[in-house]
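**Student:**
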Amino acid sequence: MLNRRHFLANAATASLAAAFVSKGSLAFADEKKAGAWRTFDVTTKVDLTDVTGPAKLWLPVIQSAGEYQSAYSPRWVSDSKSVEMKKDAASGADVLAAEWNADGERTIEFVQTVQTRNRSADGVTVPQAELDAALVGTPSAPIDGIVKETAMKIVGSREKDEDKARAIYDWVVENTFRDANVAGCGVGNVKDMLETGYFGGKCADINSLFTALARAAGLPARDVFGVRVATSEQFKALGRAGDITGAQHCRAEVYLQGQGWVPVDPADVRKVVLEEKLPLDNDAVQAFRAKAFGNWEMNWVGFNTARDLVLPGNSIQQNFFMYPAAFTSRGEVDCLSPKTFAYSITSKEITV
Numbered sequence: 001m002l003n004r005r006h007f008l009a010n011a012a013t014a015s016l017a018a019a020f021v022s023k024g025s026l027a028f029a030d031e032k033k034a035g036a037w038r039t040f041d042v043t044t045k046v047d048l049t050d051v052t053g054p055a056k057l058w059l060p061v062i063q064s065a066g067e068y069q070s071a072y073s074p075r076w077v078s079d080s081k082s083v084e085m086k087k088d089a090a091s092g093a094d095v096l097a098a099e100w101n102a103d104g105e106r107t108i109e110f111v112q113t114v115q116t117r118n119r120s121a122d123g124v125t126v127p128q129a130e131l132d133a134a135l136v137g138t139p140s141a142p143i144d145g146i147v148k149e150t151a152m153k154i155v156g157s158r159e160k161d162e163d164k165a166r167a168i169y170d171w172v173v174e175n176t177f178r179d180a181n182v183a184g185c186g187v188g189n190v191k192d193m194l195e196t197g198y199f200g201g202k203c204a205d206i207n208s209l210f211t212a213l214a215r216a217a218g219l220p221a222r223d224v225f226g227v228r229v230a231t232s233e234q235f236k237a238l239g240r241a242g243d244i245t246g247a248q249h250c251r252a253e254v255y256l257q258g259q260g261w262v263p264v265d266p267a268d269v270r271k272v273v274l275e276e277k278l279p280l281d282n283d284a285v286q287a288f289r290a291k292a293f294g295n296w297e298m299n300w301v302g303f304n305t306a307r308d309l310v311l312p313g314n315s316i317q318q319n320f321f322m323y324p325a326a327f328t329s330r331g332e333v334d335c336l337s338p339k340t341f342a343y344s345i346t347s348k349e350i351t352v
C-alpha cells in the first residue's frame, strides 16, 4: 500500500505544479499557437518489490535551463519513508533518492512537468566558473594524451573558436558511425575510442567524443543527458511519444564568445544515417547536419551535465546519469534492462 503521508504531501505539490503550469500555459499562449512552447508530463514508475533486503534508488530530475526548458515542481507517490531531493555537489545535478530497509512493496511514481521550445544559441554570457568547469578532463573523457593530439590535428591552424568547433563537429560526423549493437546510449569512454580507432557507438560515445575534443582544443564544452519525450518533426528516428522507457539521449554544447552555449548533436546525424537508411551525402541528411550545429529540436528534455559522478549515498562512480539507478542486496541493478529492473518512463503532452 502506498504511504499516505507521502501521497498527501506530494498531492499538495502536484496541485501547486498544476497551477504553475496552467499559469505558464496562459503566459505563453501566443507563442504556443506559433508552435514555440510545449508542455509535457514525464512519469517514471519503479517497482523493486521482488527484491529482498535493503534497496536504494536514484532517479534523474529534469533541469530548468536557459530560455528553452523550464521544469516545474516534481511530485511523487511512494511507500518508502525515505524519499528526498538531493544534489550532486560537483555538477549541481538534482537527484531523487529513495530508500527501503524492509521487505514488502517497494514502488515509486515520479511525475515531472516541463515546458520546452526549440533551441538555438542565445548569446547569454555565463559565469567564468561555469566555463572553467567545462574545460577540464574527466576519467572517462580526458583531454590530454591522444585526445589532445587528435584535437590539435583537427583544428590545425584555425584561430577562431567557431571555426575550431565546426572543424571538430565535422570530423566527428564524418569519422564516427552509429553502432546498433551497442547497449543503451553507449559508455562514453573517449580515450578507448581513439586508442582502438573504433568510432562506432551511440549518443554518449559520439557526443562525448565531440565534447572531449572541444575541451582539448580549449573550447568550453559539455554533454547534456536527457530523454526524448515526443515524435520528431524532422525524422522518425529522432523521437517517440508515450512509452519512452528506452528513449534516453545525450546531446552536447560548446561555448562560443558572443553566442553563448551553442547546441550541437553530431550523434543524431549518424542516427539518421543508420536508422533512416540514408547516405551521409543525402540532401536531407546534409541539411540536418548543418542544422544540428546550433539547434536542438526540443522534443527532448535535459536532466543534467554530470560526468563521472558518485550519486548521493552511493560509493560507485558512473560515467553519466540519465537512467534510473538502483542498488539492492543483489548488487547494482542493470539500468539497461527495464523489465528486470521493473521501471517504465512515459510522456504525455499537455495541450490547452
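Just so we're aligned, residue 1 is where the sequence shown starts under my numbering, counting upward by one.
We put the beta carbon where it would ideally sit given N, CA and C, even for glycine.
1. According to DSSP, what are the bridge partners of I350?
2. Leaving out the 5 sequence neighbours to the left and right, which residues in its chain are closer than 6 Å to G357 when beta-carbon positions are compared?
3. Looking at the secondary structure, which residues open and close the alpha helix (DSSP H) in which A129 lies?
4. Identify the residues that DSSP records as bridge partners of R75: which are they?
5. What residue does the alpha helix (DSSP H) around C203 start on, and which one ends it?
6. Starting from the C-beta of A214, find all residues in its chain whose C-beta is less than 7 Å away, skip the five residues before and the five after it, and write them out in chain order.
7. Give a yes or no on whether the C-beta atoms belonging to M298 and Q112 are separated by under 8 Å.
8. Whose C-beta lies closer than 7 Å to the C-beta of N101 among residues of the same chain, with five residues either side of it excluded?
9. Helix, strand or coil, according to DSSP, for K56 in the structure here?
10. Mind reading off the beta-carbon distance from A97 to W58? Whole number of angstroms is fine, and I expect it under 8 Å.
11. What are the partner residues of D47, as DSSP defines its beta bridges?
12. Determine the DSSP secondary structure at G145, reduced to helix, strand or coil.
13. Using DSSP with H/G/I as helix, E/B as strand and the rest coil, what is K332?
14. With respect to the beta strand (DSSP E) encompassing M85, which residues constitute its N-terminal and C-terminal limits?
15. Please state the DSSP three-state secondary structure of N295.
16. Assuming T107 and S329 make a contact with CB atoms under 8 Å, what is their CB distance in whole Å?
17. Any idea if S315 is buried or exposed, counting beta-carbon neighbours within 10 angstroms, 16 or more meaning buried?
18. Taking just the CA atoms, how far does R117 sit from K387?
19. So A367 is in the beta strand (DSSP E); what residue range does that whole segment cover?
20. Just verifying my parser: in three-state terms, what is the DSSP assignment at E276?
21. Under 8 Å by Cβ, that's how I've got I154 and W171 pegged, so tell me the actual separation to the nearest angstrom.
22. Thinking just about the alpha-carbon of each residue, which of A217, L209, E149, E275 is nearest to the one in L135?
23. Out of curiosity, what's the CA-to-CA distance linking K348 and L238?
24. Helix, strand or coil: which one does DSSP assign to P263?
25. Can you list, in chain order, the residues of its chain whose CB lies under 6 Å from that of E109, leaving out five sequence neighbours each side?
26. Determine the closest residue to F327 out of V61, R240, F341, with distance taken between C-alpha atoms.
27. Taking only the alpha-carbon atoms, compute the straight-line gap between W296 and G331 and give it to the nearest angstrom.
28. Where do the ends of the alpha helix (DSSP H) carrying D179 lie?
29. Using the beta-carbon count (16 or more within 10 Å), is A129 buried or exposed?
30. According to DSSP, what are the bridge partners of F353?
31. Can you tell me the Cα-Cα spacing of S82 and N175, whole angstroms?
32. Let's test the definition: count the other Cβ atoms within 10 Å of the Cβ of K160 and tell me whether it reaches 16, buried, or not, exposed.
33. Please say whether V61 and V95 have beta carbons closer to each other than 8 Å?
34. Just checking my contact of V124 with A71 at CB under 8 Å: how many whole Å lie between their CB atoms?
35. Write down the C-beta distance between G188 and N319 rounded to the nearest angstrom, noting that I regard them as a contact closer than 8 Å.
36. In the DSSP output, what is E253 paired with across the bridge?
**Tutor:** Let me lay it out:
1. T39
2. Beyond the ends of the chain as shown, which are 1 and 352, falls residue 357; an answer cannot be given.
3. 128 to 133
4. V111
5. 203 to 216
6. A165, I168, A221, V254
7. no
8. P54
9. strand
10. 5 Å
11. T107
12. helix
13. In the sequence under discussion, the amino acid at residue 332 is Glu, which differs from the Lys named in the question. Strand, per DSSP.
14. 82 to 87
15. strand
16. In fact, because the Cβ distance is near 18 Å, the residues do not count as touching under 8 Å.
17. exposed
18. An answer regarding residue 387 cannot be provided, because it is not within the stretch 1 to 352 covered by the chain.
19. No answer is possible for residue 367: it lies beyond the span of the chain, which begins at 1 and ends at 352.
20. coil
21. 5 Å
22. A217
23. 17 Å
24. strand
25. K45, V77
26. F341
27. 37 Å
28. First-last for D179: undefined, no H or E at that position.
29. exposed
30. Nothing in the structure corresponds to residue 353, since the chain is present only between 1 and 352.
31. 47 Å
32. exposed
33. yes
34. Between A71 and V124 the Cβ distance is about 18 Å, and since that is not below 8 Å, they are no contact.
35. 5 Å
36. R222, P263
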